[in-house]
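Taking it in order: structure first as structure tokens, then the write-up.
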Amino acid sequence: MQPIDTDFLAATFGLGGKRALITGASSGIGAHLAGSLGRAGAEVILTARRSDKLDAIRAKLHAQGLSAHVQTLDVTDAASVDAAAQAVGPLDILINNSGVSSEAMLADMSERDWDRVFDTNLKGAWRVSRAFAPALIASRGVILNVASILGMGVLKTVGAYAASKAGLIQLTRAMALELAQDGVRVNALAPGYIETPINAAFFATPQGAKMLRGVPQRRLGQPADLDAAVLALVGPGGQFTTGATIVVDGGHTLSLS
Ligand SMILES: NC(=O)c1ccc[n+]([C@@H]2O[C@H](COP(=O)([O-])OP(=O)(O)OC[C@H]3O[C@@H](n4cnc5c(N)ncnc54)[C@H](OP(=O)(O)O)[C@@H]3O)[C@@H](O)[C@H]2O)c1
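Quick note: the sequence shown uses numbering that gives the first Met the number 0, first residue 0, plus one each step.
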């Protein structure tokens, strides 16, 4: 059998010498991607609001010999975002992953809940990207926005979340267009249902099991299922990819309305 060409892999996916910041790194997908980017060679900056969680994840990464730092950051607070941009300095990769959901029929939803979802998922990604744009332009860097297949299809009770993620996909395209001449690439990832602490209990219920039957692969994704697409989008092999949205969902979008 032919051995793997490690030079080829590094030229396509390697992140050695890169500094990567992940929002929402205190849990779930963001915490997982911190390890993945670290293993690909990046120095990782973990951000979120809960610093105790971030410290625990940093310790885990350090124990694996990976380079990681912690910076508290609330994506809904411009002062917090701007302070983080000042503190972090040079940056090559920004992953806008922070997100919240809300379950309610649109006719019953409070303005407060609507605003929380949009301020975090859509405006938060813009706010953080704006703050780090000078650093990313200086490094000819890359932004990855974590959207969702609910930005493309809809289900009842998650209308605000779906609309915010649809907006994030279009924001991705607009940012890609505006930043292309500066050498900055901007792409989106649209995961299907991925097992994280936030939804593991739900998918163990009969309703969760019913929802899973709508997924052609009949399974929940795991955070590691996202690694190949993420590295393809932020790694050096993705130089000609910008304004794209990659779906990783076990075929779920094929059966969404
Ligand atoms: N899991 C799925 O099935 C799935 C599918 C498609 C898309 N996604 C998207 O993937 C992303 C991560 O989701 P997840 O499943 O990993 O959820 P999660 O475990 O609940 O993680 C959400 C993260 O967002 C952070 N966050 C929330 N509000 C924030 C704020 N105001 N400022 C900064 N950080 C904030 C949280 O950190 P703090 O609370 O510490 O601030 C946490 O680290 C989200 O954008 C979600 O919409 C998830």
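Note that CB positions come from ideal geometry on N, CA and C, so glycine has one too.
Here the structure is a predicted model, which is why all the values come from computation and not from measurement.
Its Cα nearest to that of S138, the residue K17 stands out among F202, R217, K17. Boundaries of the alpha helix (DSSP H) around A55: 50–62.
In this chain, Q180 is not harboured by any beta strand (DSSP E), its DSSP state being neither H nor E.
With a threshold of 8 Å, the Cβ atom of L176 does not count as near ligand 1, since no heavy atom of the ligand is closer than that. For E102, no alpha helix (DSSP H) encloses it, and the DSSP letter there is neither H nor E.
The criterion of a C-beta distance shorter than 9 Å is satisfied by G15 and G40.
In the DSSP secondary-structure assignment, R38 is not bridged to any residue.
In its chain, beyond the 5 residues on either side, V43, L60, L65, S66, A67 have a beta carbon closer than 7 Å to the beta carbon of G37. Taking a 10 Å sphere around the C-beta of I92, we find 16 or more other C-beta atoms and assign the residue as buried. Taking a 10 Å sphere around the C-beta of K155, we find fewer than 16 other C-beta atoms and assign the residue as exposed. When DSSP states are grouped into helix, strand and coil, N198 belongs to the coil group. Across the structure, F131 and Q169 are spaced so that their CA atoms are roughly 19 Å apart. If you look at I136, you'll find it in the alpha helix (DSSP H) that goes 123–138. Shown here, V153 sits in coil according to DSSP, grouped into three states, outside any helix or strand. When DSSP states are grouped into helix, strand and coil, P215 belongs to the coil group. It is roughly 19 Å from the alpha-carbon of I142 to the alpha-carbon of D118. Between A179 and V185, the alpha-carbon positions lie close to 8 Å from each other. Under the DSSP definition of a beta bridge, L45 partners with I21, V69.
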